[in-house]
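The block underneath contains the structure these notes are about, expressed in structure tokens.
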Amino acid sequence: MFGMKRLTQVRGTGQQRGMSLIGMLLLMIVIAFAALIAMKVVPMYIQYYSIKSTVESIRKEPQLAQMSAQDIQNAIQKRFDIGYVDNISARDLKIRNERNGRVLDLVYEDERELFYKMFVVLKVNEAIPLNP
Numbered sequence: 058m059f060g061m062k063r064l065t066q067v068r069g070t071g072q073q074r075g076m077s078l079i080g081m082l083l084l085m086i087v088i089a090f091a092a093l094i095a096m097k098v099v100p101m102y103i104q105y106y107s108i109k110s111t112v113e114s115i116r117k118e119p120q121l122a123q124m125s126a127q128d129i130q131n132a133i134q135k136r137f138d139i140g141y142v143d144n145i146s147a148r149d150l151k152i153r154n155e156r157n158g159r160v161l162d163l164v165y166e167d168e169r170e171l172f173y174k175m176f177v178v179l180k181v182n183e184a185i186p187l188n189p
């Protein structure tokens, strides 16, 4: 009788530690899903910040006031080509004149497929003043 009681104490749930096989499998699925989302979303934001830094570098050009809209678009496109920006063209950017200077309209969508018929979309709609 004494041996039986001791055996059940050793096998009791109070002594068990760690994660079950199903728990580990579920954790791996969650980590894989998060990694998949990160692999799709992070490049979208890297591209967005590359576009923003290109526009900011154009804003700092000393001859910007003398440049035409076409010249500004050409300068932006050259920087897009160098920075491997491929989801938007400088021709897609609209430059308009306002009372207090020129404004660049940055409007685009970046859409990536996560998996079958499920997409993640980054929508950008910004008006960036070109006067320094």
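Just so you know, we're using the working numbering here: the sequence shown kicks off at 58 and counts up by one. Quick reminder that beta carbons are idealized off the backbone N, C-alpha and C, glycines included.
**Message:** Relative to the C-alpha of residue 175, which candidate in 134, 93 and 79 has its C-alpha closest?
**Reply:** 93
**Request:** Report all residues from its chain with a CB closer than 7 Å to the CB of residue 129; omit the five preceding and five following residues, and keep chain order.
**Result:** 115 and 152
**Prompt:** CA-CA distance, residue 98 and residue 177?
**Reply:** 7 Å
**Asked** Closest to residue 155 by CA distance: which of 127, 179, 133 and 188 is it?
**Response** 188
**Request:** Tell me where the beta strand (DSSP E) around residue 165 begins and ends.
**Result:** 158-172
**Prompt:** So which of 109, 158, 113 and 106 has the shortest CA-CA distance to residue 123?
**Reply:** 158
**Request:** From the DSSP output, in three-state form, read off residue 82 for me.
**Result:** helix
**Message:** Would residue 126 and residue 160 qualify as a contact pair, given that the criterion is a beta-carbon distance under 8 Å?
**Reply:** no
**Prompt:** Does DSSP classify residue 113 as helix, strand or coil?
**Reply:** helix
**Request:** Over the uninterrupted alpha helix (DSSP H) stretch that includes residue 74, give me the two end residues.
**Result:** No alpha helix (DSSP H) holds residue 74; DSSP gives it neither H nor E.
**Message:** Whole angstroms are fine: how far does the CA of residue 172 sit from the CA of residue 181?
**Reply:** 23 Å
**Request:** With DSSP as the reference, label residue 100 as helix, strand or coil.
**Result:** helix
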